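Down below is the structure, laid out as structure tokens.
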Amino acid sequence: MSAPRGARPDDASAAAAGPPPPATARDIALDVLLRVEGGAFSNVLLPSLLRASELDDRDRAFTTDLVYGTLRSQRALDDVLERVLDRRVERLDPPVRAGLRMGTYQLVEGVAPHAAVSATVDAVARAGSARARGFVNGVLRGVTRLPQPLTWPEGDDVGSLGVSTSHPDWIVAALVDEFGPATARDVLDADNRPPGVTLRPRRPDVDPDALAAELEAAGGRVERGELVPDALIVRGLGDPGRWPAVREGRATPQDQGSQAVVLALDPRPGERVLELAAAPGGKSGAVAELVGPTGLAVGTDIDAGRTAMIARAARRLHLPQLSAVAADGTLLPFRPGTTFDRVLLDAPCTGLGVLRRRAEARWRVLPEHVDDLVGLQRELLRHAAPLVAPGGRILYSVCTWSHGETVGIDEWAAAEFPQLVADPADQPSAPWRRHGRGALLLPGEAETDGMYVLVLTRADDAGG
Ligand SMILES: C[S@@+](CC[C@H](N)C(=O)[O-])C[C@H]1O[C@@H](n2cnc3c(N)ncnc32)[C@H](O)[C@@H]1O
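Written out as structure tokens, the structure reads:
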């Protein structure tokens, strides 16, 4: 879809002049935006392009902000562009559309207009739309001439909130219906705040204070977690895949919401714990740290490639007690009667709680996905339930807040599994809110991802 780095298709003499100049931040950002339109995932593609680039740390941070900011703000940016354009943004050619959105994002964010406009026009031309130079330049200049500062509708109605916070109407409407307009606005605003990297220091041997000091000495800004006190929130150090502590297995990038899910499961040293649908293994790794060398953590996932990530996590973290098994959670390869002390089902879901982390996801998730996923979540829970030993704990979690995937699953489980008891004392407490028999942590309430948790205990004398 996009031209190779730095190529100038309109300039035949460029080939004769030697290799093209290295790609700029805007070239890379535009390339990612175009490929995301084609179905790529920005959080996978962007880090790999940045690793291969010659950009310095400052430009990497700028590129990251350009990509994620432009994707998140898409609806608000289109609203601005359509004050200048004589047609809908959707009707523009992809490189022009992506360039205009990226250029407008810079203008909204206060990049000097001359740099924002001319460098974006150049990037669009290098991406293969040299003939659109004049058009892109004219539209972006038009944006600079709009009354400043730019404003968006201020009302609390669905349409205004959708434009001003840049979300599709159906997500806004579902939030307002479920939690009211004030909480809905808090969640929508939180979706637009870029998260720092959160680390889980390896338990029990890595001291969070010593790790924080190491990261600060490397130039990072580090805060302790409010929800999970051992967690470290790190800013200003770029790609965590390059940090020694992560490479050497002394820490794992993992949001506090996910860390809190494992703490609610409460695995104890020496226990046998199963996680279904476990890849890439963030939670299984945390479980393995807690059960220790005398315990067993088994992480299963239907996707063999992703299951390999669980095995890699086990090696990186030096956790021989963590085993990875590629298997459909509805066809698990265990002997009849096999049980575990604890079972975790962190089910596939719409991911509405992690929109701040997956910049394009809000435009891809559709309301009908909720019902499809509820069917799968029920099937996985139906197969997970008999695998917990009498007296043992089973935890259902999802990183979303949709009614069907949270309270809906809880109501279904209450009717389907009378032997699984939800003790209020086992559910996480504030800042989590009671939600059915379980607990919900909305994005923004503790600057974490949004999570729903339902902790169930199998009555001692129950059958599967
Ligand atoms: C929310 S992710 C799990 C994340 C994981 N708990 C972690 O913290 O790293 C859900 C996973 O469910 C897997 N999955 C989807 N359908 C499945 C099925 N029928 N059986 C097993 N795994 C499935 C997906 O491949 C995906 O890796």
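Note that the sequence shown ends on residue 602 in our numbering; no numbers are left out.
Here a beta-carbon is modelled for each residue, glycine too, at the ideal position from N, C-alpha and C.
Predicted model only: the values in this text are computed from it and were never measured.
Leaving out the 5 sequence neighbours to the left and right, which residues in its chain are closer than 6 Å to residue i when beta-carbon positions are compared?
i, result
"D195", "G376"
"A442", "A464"
"M447", "A417, P418, G419"
"L403", "R480, L482, L533"
"F555", "A523"
For residue i, which of helix, strand or coil comes out of DSSP?
i, result
"P391", "strand"
"T336", "strand"
"I532", "strand"
"V281", "helix"
"F555", "coil"
"S180", "helix"
"D439", "strand"
"D484", "strand"
"V255", "helix"
"D169", "helix"
"V593", "strand"
"A464", "strand"
"G207", "helix"
"G408", "coil"
"L414", "strand"
"V372", "strand"
"H573", "strand"
"F472", "coil"
"L434", "strand"
"L579", "strand"
"D347", "helix"
"V526", "strand"
"R362", "strand"
"D587", "coil"
"D479", "strand"
"H305", "coil"
"G602", "Caution applies to G602, whose pLDDT of 43 falls short of 50 and renders its modelled position unreliable; the model cannot decide the point."
"G357", "coil"
Here's the rule: buried if 16 or more other CB atoms are within 10 angstroms of the residue's CB, otherwise exposed. What is residue i?
i, result
"L284", "exposed"
"A253", "exposed"
"L469", "exposed"
"T289", "exposed"
"E498", "buried"
"A672", "Look at the range of the chain in this structure, 139 to 602, and you will see that residue 672 is not part of it."
"R480", "buried"
"G266", "buried"
"V182", "exposed"
"A351", "exposed"
"P407", "exposed"
"A568", "exposed"
"Q565", "buried"
"S186", "exposed"
"Q515", "buried"
"P467", "In the sequence under discussion, the amino acid at residue 467 is Gly, which differs from the Pro named in the question. Burial call: buried."
"H456", "exposed"
"P157", "exposed"
"Q459", "buried"
"A214", "buried"
Would you say residue i faces chain B, with C-beta separation under 9 Å as the test?
i, result
"A178", "Among the chains in the structure shown there is no chain B, since it carries only a single protein chain."
For residue i, which residues in the same chain have their Cβ closer than 8 Å to its Cβ, ignoring the five residues on either side in sequence?
i, result
"T282", "L245, P251, V255"
"L598", "In the sequence on display, residue 598 carries Asp and not Leu. Contacts found: P528, G529."
"V274", "V234, G237, L238, G241, T258, V259, V262, S267"
"E413", "K421, S422, V425, A435, V436, G437, T438, V481, L482, L483, D484"
Write down the C-beta distance between residue i and residue j rounded to the nearest angstrom, noting that I regard them as a contact closer than 8 Å.
i, j, result
"D393", "A417", "Contact flag wrong, Cβ pair sits at about 16 Å."
"R611", "R373", "Only positions 139 to 602 of the chain appear in this structure, which leaves residue 611 out of reach."
"L188", "T208", "About 16 Å separates the two Cβ atoms, so there is no contact after all."
"L299", "A322", "7 Å"
"P405", "L428", "4 Å"
"M492", "R531", "Rather than Met, the amino acid found at residue 492 in this sequence is Val. With 8 Å as the limit, V492 and R531 do not qualify as a contact, their Cβ atoms being about 24 Å apart."
"V277", "V222", "5 Å"
"G588", "D548", "Going by Cβ atoms, the distance from G588 to D548 rounds to 16 Å, so no, they are not a contact pair."
"A462", "T445", "5 Å"
"L578", "W539", "6 Å"
"P332", "R198", "Not really, about 14 Å apart at Cβ, beyond 8 Å."
"S535", "V399", "5 Å"
Keeping to the same chain, check which residues put their C-beta closer than 7 Å to that of residue i; ignore five residues upstream and five downstream.
i, result
"G420", "T390, Q392, S396"
"R210", "S304, N330, A497"
"E583", "P569"
"V559", "L594, T595, A597"
"A153", "In this prediction, A153 has a pLDDT of 48, which is less than 50 and means its spatial position is unreliable; what the coordinates show is noted afterwards. Here the set comprises nothing."
State whether the segment 526-545 contacts the segment 285-299, with contact taken as three or more CB pairs (one from each stretch) at a distance under 8 Å. no
Contact the segment 498-513 vs the segment 364-372: 3+ CB pairs below 8 Å: no
Using 8 Å as the threshold, is the segment 333-344 in touch with the segment 303-317, meaning 3 or more CB pairs across them? no
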